[in-house]
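Asks:
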Amino acid sequence: MICNADEGDPGAYMNRNEMESDPHMVIEGMIIGAYAIGANEGYIYIRAEYPLAIERLDRAISDARAYGLLGNNILGTDFSFDIHIARGAGAFVCGEETALIASMEGNTGRPRKRPPFPSQKGLWGKPTNINNVETWCNVASIIKNGADWFTRIGTEKSKGTKVFSLVGKVKRTGLVEVPLGTPVKTIVYDIGGGATDNKKVKAVQTGGPSGGCIPDSLFDTQVDYEHLADAGSIMGSGGIVVMDEDTCMVDTAKYFLEFAVEESCGKCTPCREGTYQMHRILEKITEGKGTNEDIVLLEKLANIIKLTALCRLGQTAPNPVLTTLRYFKDEYLAHVEDKRCPARVCRSLINYYIDPAACRGCTICSRNCPVEAIDGKPGYIHIIDQNKCIKCGTCMEVCNFSAIVKLSGESIDTPFAPIPINKGR
Ligand SMILES: Cc1cc2nc3c(=O)[nH]c(=O)nc-3n(C[C@H](O)[C@H](O)[C@H](O)COP(=O)(O)O)c2cc1C
Ligand code: SF4
Ligand code: SF4
């Protein structure tokens, strides 16, 4: 019996919270599960970056042993079961069940082909039941309140509640537990309070780095296994990242793909080489060097990797690209055809200018520019030398008069040399 507490999705901390706040809930679920299937050995595989959760689980396991709830002849019966903690080194792929088992056996944490499934041949060749922390946490309440109670919550096929970690450009971030089937808009607006700084929400990414981006036009989508899959995304461990109008969807796809490239275990070619090539194409596009053929190739590669990668890390890695191509194709085309980043994010495609009508000649920008790209003196309209500017955005951050503008594919008239403010207006 294994409890999967690897929780490798960046930004996800549902399992950590469950283990830190109520470790007995996990242990109780595992004891019931072990009794049901006749298991005598249980392991909690937990990443070493969770020291507090490990400490609390350790203590809870000792307490359970002291109360006769773990160990030999539990509560005087002939049922014996004990739980041990196995620490993982924090590789994302080690959350995959066969890689996790390999790592527990002392081998390199790489997935293997299934079948045989762990339930047939798992840890040290024994049949192994492996479930997530949250799954184990549900068990005791289901036994106590009955299956009907649990199945009344959720949708026809996705039962119960799910904890999500709501992060990104949303007013109220944190962990939220909702019935499966709750619409995206309820989570983003009613619970999360919408976007920060009165911006417009553009999309959400569900399912962590292997998930997909769902546009705001589809926020009626119910968050359950089937509807997320229809939208091209996945539930994953339950991460929801909110993105606002200032997010470039091509850059977002590149960011998530970079994660897959770094975390790919390298065992199979489609994932090892394919995600790397996809990332190269995305880099080309965000640098304004992409072509329409690149977009076609990107989509083709994504679909092939989805079909041919060995494990779900590779099979799902193209999701951010496929969903952004599906819902935000116009942004890809703007990068490729107009050499423009509509969200003004991709560095190679943006420029900073000083608006002569707004500049007060205060000199803060020129004093803070790390490459001395800003020309001017007190009382003079300042100018950014486009050849020197490294597009770090420092000037925009420090200007108190909103005089710095960031543009992509456009420019504004600026003087050739600093001129006194009264002459420049
Ligand atoms: C790349 C990859 C990473 C995974 N990471 C986790 C993880 O961190 N935690 C987890 O419970 N399941 C993870 N899984 C899913 C597990 O393989 C397995 O399906 C899961 O532990 C089953 O638990 P459940 O059915 O109770 O949700 C991952 C799968 C893949 C492909
Ligand atoms: S899909 Fe990626 S992570 Fe999975 S086995 Fe292949 S190389 Fe390894
Ligand atoms: S910080 Fe703003 S107002 Fe001051 S000189 Fe620079 S652009 Fe002009």
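Per our numbering, the very first residue in the sequence shown carries number 167; after that it's consecutive.
Backbone N, C-alpha and C fix where the C-beta goes; we use that ideal spot for every residue, glycine too.
These figures come from a predicted structure and were not determined experimentally.
1. Below 6 Å CB to CB, which residues in the same chain sit around I530 once its five sequence neighbours on both sides are set aside?
2. In chain order, what residues of the same chain have a beta carbon less than 7 Å from the beta carbon of K366, not counting five sequence neighbours either side?
3. Cα separation between E186 and G373?
4. Starting from the Cα of G288, find the closest Cα among A265, V299 and I309 and give me that residue.
5. Cutting at 8 Å between CB atoms, please list the residues of its own chain near S246, excluding the five before and the five after it.
6. Quick check: what's the CA-CA separation for G242 versus N297?
7. Tell me, please, which residues DSSP counts as bridged to Y519.
8. Does any heavy atom of ligand 3 sit closer than 7 Å to the C-beta of I587?
9. Can you list, in chain order, the residues of its chain whose CB lies under 8 Å from that of G360, leaving out five sequence neighbours each side?
10. Pick out whichever of G454, C437 and D460 has its Cα sitting closest to the Cα of A483.
11. Give the straight-line distance between the Cα atoms of Y391 and G291, rounded to the nearest whole angstrom.
12. By Cβ distance, which residues of its chain are closer than 8 Å to I549, with the 5 residues on each side in sequence left out?
13. Are the stretch 213-230 and the stretch 271-282 in contact at 8 Å, needing three or more beta carbon pairs?
14. Let's test the definition: count the other Cβ atoms within 10 Å of the Cβ of D417 and tell me whether it reaches 16, buried, or not, exposed.
15. Within the present structure, is the beta-carbon of R478 separated from the nearest heavy atom of ligand 1 by less than 7 Å?
16. Quick check: what's the CA-CA separation for I212 versus V192?
17. Which of the three DSSP states is assigned to L476 in this structure?
Replies: Short version:
1. So the qualifying residues of the chain are V564.
2. D410 and E411
3. Distance between the alpha carbons of E186 and G373: 23 Å.
4. A265
5. N206, G237, N238, N239 and I240
6. 27 Å
7. V571
8. no
9. Hits under 8 Å: V336, K337, V354 and V367.
10. C437
11. 31 Å
12. I520, I540, D541, G542, T580, P581, F582, A583 and P584
13. The answer is no - the stretch 271-282 does not touch the stretch 213-230, with fewer than three Cβ pairs under 8 Å.
14. Buried, because 16 or more other Cβ atoms sit within 10 Å of the Cβ of D417.
15. Placement of the Cβ of R478 at a distance of less than 7 Å from at least one heavy atom of ligand 1 is found.
16. 12 Å
17. Coil.
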